[in-house]
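Chemist:
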Amino acid sequence: MLPYKDFTFPLNVYSHVLLKDYGSFEYLHYGLFSADDADVLKAQQRATDLLFAHLPPNPCRILEVGIGLGTTLAKLVKAGYDVIGITPDKNQINYAKNSYGDELPAVHSRLEDLSAAQKFDLILFQESAQYIDTTAIFNKALELLTDDGQIIIMDEISLRKGSPSDPGLPLLDNYISQGQASGFELIEQLDLSSQALPTNSYLLDAVIRYRENVIDELSLSAEDIDGLIDSAKLYLAKYQDGRYGYCFLQLKKKAFISADWSIDLAKSNDEAELLNLFQASFGYQVQPELWRWKYRGLDMLGTLVRRDGRAIAFYGAMPRAIHLFGFPATAVQIGDVMVHPDERGTLTRKGAFFHAAASFLERFVGEDKAFPIAFGFPSARVFRLAARLGLYERVGELMRVSWPALQTRPSYSVRLRPLSQNPGATVDRLWLEMADALQDQVVGVRDWAYLQQRYLDHPTVDYQLYLVSSRLTGSPLGIVVTRILDDAVELLDIIAPPQRVATLIHCLRRLTWNLGKPQAYAWITTQHANLLAGETGEITPTDIIIPHNHWTPGLPASALLGRWWLMGGDTDFR
Numbered sequence: 002m003l004p005y006k007d008f009t010f011p012l013n014v015y016s017h018v019l020l021k022d023y024g025s026f027e028y029l030h031y032g033l034f035s036a037d038d039a040d041v042l043k044a045q046q047r048a049t050d051l052l053f054a055h056l057p058p059n060p061c062r063i064l065e066v067g068i069g070l071g072t073t074l075a076k077l078v079k080a081g082y083d084v085i086g087i088t089p090d091k092n093q094i095n096y097a098k099n100s101y102g103d104e105l106p107a108v109h110s111r112l113e114d115l116s117a118a119q120k121f122d123l124i125l126f127q128e129s130a131q132y133i134d135t136t137a138i139f140n141k142a143l144e145l146l147t148d149d150g151q152i153i154i155m156d157e158i159s160l161r162k163g164s165p166s167d168p169g170l171p172l173l174d175n176y177i178s179q180g181q182a183s184g185f186e187l188i189e190q191l192d193l194s195s196q197a198l199p200t201n202s203y204l205l206d207a208v209i210r211y212r213e214n215v216i217d218e219l220s221l222s223a224e225d226i227d228g229l230i231d232s233a234k235l236y237l238a239k240y241q242d243g244r245y246g247y248c249f250l251q252l253k254k255k256a257f258i259s260a261d262w263s264i265d266l267a268k269s270n271d272e273a274e275l276l277n278l279f280q281a282s283f284g285y286q287v288q289p290e291l292w293r294w295k296y297r298g299l300d301m302l303g304t305l306v307r308r309d310g311r312a313i314a315f316y317g318a319m320p321r322a323i324h325l326f327g328f329p330a331t332a333v334q335i336g337d338v339m340v341h342p343d344e345r346g347t348l349t350r351k352g353a354f355f356h357a358a359a360s361f362l363e364r365f366v367g368e369d370k371a372f373p374i375a376f377g378f379p380s381a382r383v384f385r386l387a388a389r390l391g392l393y394e395r396v397g398e399l400m401r402v403s404w405p406a407l408q409t410r411p412s413y414s415v416r417l418r419p420l421s422q423n424p425g426a427t428v429d430r431l432w433l434e435m436a437d438a439l440q441d442q443v444v445g446v447r448d449w450a451y452l453q454q455r456y457l458d459h460p461t462v463d464y465q466l467y468l469v470s471s472r473l474t475g476s477p478l479g480i481v482v483t484r485i486l487d488d489a490v491e492l493l494d495i496i497a498p499p500q501r502v503a504t505l506i507h508c509l510r511r512l513t514w515n516l517g518k519p520q521a522y523a524w525i526t527t528q529h530a531n532l533l534a535g536e537t538g539e540i541t542p543t544d545i546i547i548p549h550n551h552w553t554p555g556l557p558a559s560a561l562l563g564r565w566w567l568m569g570g571d572t573d574f575r
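Numbering-wise (our numbering), the sequence shown opens with residue 2 and increments by one.
#1: For the region 242-330, list the alpha helix (DSSP H) runs that are entirely contained and at least 4 residues long, ordered along the chain.
#2: Return the bridge partner residues of residue 192 from the DSSP annotation.
#3: Taking the beta carbon of residue 304 as the centre, do at least 16 other beta carbons fall within 10 Å, making it buried, or is it exposed?
#4: Whose CA, out of 157, 156, 63, lies closest to the CA of residue 117?
#5: Using the rule of at least 16 other Cβ atoms within 10 Å of the residue's Cβ for burial, across every protein chain shown, is residue 328 buried or exposed?
#6: In the DSSP output, which residue or residues are listed as bridge partners for residue 522?
#7: Among 487, 473, 301, 491, which has the Cα closest to the Cα of residue 481?
#8: Could you spell out where the beta strand (DSSP E) holding residue 445 opens and where it closes?
#9: Can you tell me the Cα-Cα spacing of residue 350 and residue 179, whole angstroms?
#10: Exposed or buried, which one is residue 541 when buried takes at least 16 other CB atoms within 10 Å?
#11: From 496, 53, 119, 571, pick the residue whose C-alpha is nearest to that of residue 319; which is it?
#12: Please confirm whether any heavy atom of the ligand MG lies closer than 8 Å to the CB of residue 172.
#13: With a threshold of 9 Å between beta carbons, is residue 409 in contact with chain B?
#14: Suppose you measure from the CA of residue 226 to the CA of residue 252; what does that come to, to the nearest Å?
#15: Who are the Cβ neighbours of residue 288 in its own chain at under 8 Å, not counting the five residues just before and after it?
#16: So, does the region 367-375 touch the region 409-416, judging by three or more C-beta pairs under 8 Å?
#17: Just the Cα atoms here: how many angstroms apart are residue 548 and residue 39?
#18: Can you find the residues in the same chain that come closer than 6 Å, C-beta to C-beta, to residue 182, ignoring five residues on each side of it along the sequence?
#19: May I ask you to verify whether the region 298-316 touches the region 416-428, counting CB pairs closer than 8 Å and requiring at least 3?
#20: Measuring only the C-alpha atoms, how far is residue 510 from residue 532?
#21: Spatial neighbours of residue 169 within its chain, please: C-beta separation below 6 Å, excluding the five flanking residues on both sides.
#22: Spatial neighbours of residue 321 within its chain, please: C-beta separation below 6 Å, excluding the five flanking residues on both sides.
#23: Report back the beta-carbon spacing between residue 242 and residue 326 to the nearest angstrom; my notes put them in contact at under 8 Å.
#24: Buried or exposed, going by whether 16 or more other CB atoms sit within 10 Å of the CB of residue 2?
#25: Would you mind working out which of 528, 507, 520, 71 sits nearest residue 27, comparing C-alpha positions?
#26: Can you give me the Cβ contacts of residue 356 inside the same chain, cut-off strictly under 6 Å, excluding the 5 residues immediately before and after it?
#27: How long is the line joining the alpha carbons of residue 536 and residue 569, rounded to whole angstroms?
#28: To the nearest angstrom, report how far apart residue 452 and residue 6 are at their CA atoms.
#29: Taking the alpha helix (DSSP H) that residue 376 falls in, what are its first and last residues?
#30: Would you mind listing the alpha helix (DSSP H) stretches within the region 23-59 that are 4+ residues and don't spill past its ends, in chain order?
#31: Compute the beta-carbon to beta-carbon distance between residue 123 and residue 58, rounded to the nearest angstrom, for a pair I have assumed lies under 8 Å.
#32: Give me whichever residues DSSP pairs with residue 333 in a beta bridge.
#33: Cβ atoms of residue 458 and residue 429: under 9 Å apart, would you say?
#34: Measure the beta-carbon distance from residue 30 to residue 127 and round it to whole angstroms, keeping in mind my assumption that it falls under 8 Å.
#35: Touching or not, the region 31-51 and the region 95-104, by the rule of three or more beta carbon pairs under 8 Å?
#36: Grouping DSSP H, G and I as helix and E and B as strand, with all else coil, what is residue 160?
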């Protein structure tokens with residue numbers, strides 16, 4: 002039986018064609034070809050030589066993630082390195098030990114499951130990083146590396162983002178940005194794409210040449226091989242058009258990063274830990290039902306920083322459907338940003354807040370990321386800190402507009418009534434009118450589904466929704482969402498085109514008088530405050546800033562300056 006027959010497909014195929022062409026082989030990784038030499042084995046050795054040229058000198062303890070055929074692991078042992086190789090594939094371990102002896106230090110384990118009493122000086126990924134979540138790579142490296150330890154990634158990558166149906170390989174930029182956010186500095190970067198590309202050409206040609214033999218010797222179906230050939234053609238095309246490439250990255254752990262730190266994606270099952278952090282950070286308990294309402298339906302809640310296994314910082318993230326200059330998009334609303342009091346002494350890029358925020362922004366926000374833009378409602382003090390760290394730019398501010406209650410006769414032209422049952426079609430129609438009038442703005446979707454989730458399903462606050470309509474025709478003019486307080490009526494939201502706002506405010510002021518309250522007020526972004534205030538409203542600052550992501554490439558802040566339509570209801574805390 003062929004010793005590589007049980008390798009994972011298509012590695013068994015690649016092993017077979019190398020054996021047919023060269024009589025033997027030591028590696029299955031990509032080769033680095035020179036212009037005048039098409040020999041695959043020499044190209045593979047050239048790649049290994051490049052790797053070894055970048056290894057730290059002895060004494061050095063190395064973890065090789067993914068052992069392939071065991072050749073590199075055996076060479077590391079021979080070179081005097083204290084090394085362990087891990088792989089989740091038992092067939093690879095058996096093959097490697099049959100080739101290099103039972104003493105070969107190969108362990109059956111995934112990186113994510115590995116624990117080690119002794120730290121490593123280097124973690125080596127040679128064409129294995131692409132199979133592991135990028136965040137998991139750097140989090141585990143923080144745990145396993147010495148204080149000045151290094152990571153080497155020599156692998157295929159995406160040079161630009163793919164489509165949702167074909168996301169492709171991990172992005173090169175994500176390795177770099179996630180590494181930096183996790184506390185690693187990039188010390189070497191090589192683009193090896195043009196040297197590696199002929200490997201794809203060779204494999205495609207060899208599989209076609211040996212198609213029938215491969216099917217027979219490896220007991221594979223024609224469909225398997227023909228599918229592999231089609232896939233190899235597409236793969237080669239992605240290299241040729243510059244979407245895929247091959248890189249060498251060497252990163253070093255920054256001195257201030259402790260192995261006791263980890264930066265993870267917060268999950269719904271972290272709730273108890275997050276609620277405890279909330280109480281420690283803000284001095285009061287958040288109701289669990291309120292927390293669940295905020296993050297309903299989400300598996301990923303944001304980023305969570307731990308020290309010694311204890312949560313010390315959280316950067317919450319809530320997706321929000323918006324219209325971005327007239328086009329549907331999904332922004333992310335940042336909230337519940339918190340740092341444990343014990344960790345607040347370091348308000349620099351060494352601190353927990355920075356790592357929680359930067360890690361989230363680098364992974365999810367900006368050009369070609371899940372969310373084109375992010376927004377939130379930090380206080381001026383918190384915004385200044387984030388801006389000083391290079392995370393945020395200012396694109397707006399919330400103002401408070403207040404009006405005295407209005408004692409007057411009912412209007413002959415309009416009326417205000419509680420929103421009736423089954424108002425979905427009416428709400429959606431008014432939202433579309435509002436969206437059409439705000440095509441030069443950025444505005445959160447305010448359709449019936451949103452109103453239900455935001456206001457009617459709120460677990461702790463009772464809101465009142467009113468419809469303003471024409472007395473003569475019954476045509477809906479707009480909707481106001483209010484909250485009745487002890488000494489005022491708070492206007493949380495308006496669903497109407499701007500030209501009808503004055504009419505809605507008139508009705509709101511009459512409602513305020515009828516409820517026996519002296520005043521009504523609302524929060525709204527600065528550029529819309531005069532529209533809301535009219536002739537009777539008073540405008541005062543709230544000390545709440547609208548930030549924009551400055552940390553990662555994307556839509557510039559200048560494009561959004563003064564363009565948000567945001568009110569109190571857009572927050573998660575009113």
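For each residue, glycine too, the CB sits at the ideal point set by N, CA and C. All values derive from a computational prediction rather than experimental measurement.
Modeler: To lay it out plainly:
#1: 272-283, 289-295
#2: 248
#3: buried
#4: 63
#5: exposed
#6: 403, 491
#7: 491
#8: 443-445
#9: 14 Å
#10: exposed
#11: 571
#12: Looking at this structure, you won't find the ligand MG or any other ligand, since it has none at all.
#13: As a matter of chain content, chain B is missing from the structure shown, which is built from one protein chain.
#14: 38 Å
#15: 460, 461
#16: no
#17: 54 Å
#18: 359, 360, 363
#19: no
#20: 15 Å
#21: 159, 163
#22: 332, 334, 445
#23: Between residue 326 and residue 242 the Cβ distance is about 31 Å, and since that is not below 8 Å, they are no contact.
#24: exposed
#25: 71
#26: 264, 306
#27: 21 Å
#28: 59 Å
#29: Per DSSP, residue 376 belongs to no alpha helix (DSSP H); it is in the beta strand (DSSP E), 375-377.
#30: 41-54
#31: So it is not a contact: roughly 11 Å between Cβ atoms.
#32: 320, 375
#33: no
#34: 6 Å
#35: no
#36: coil
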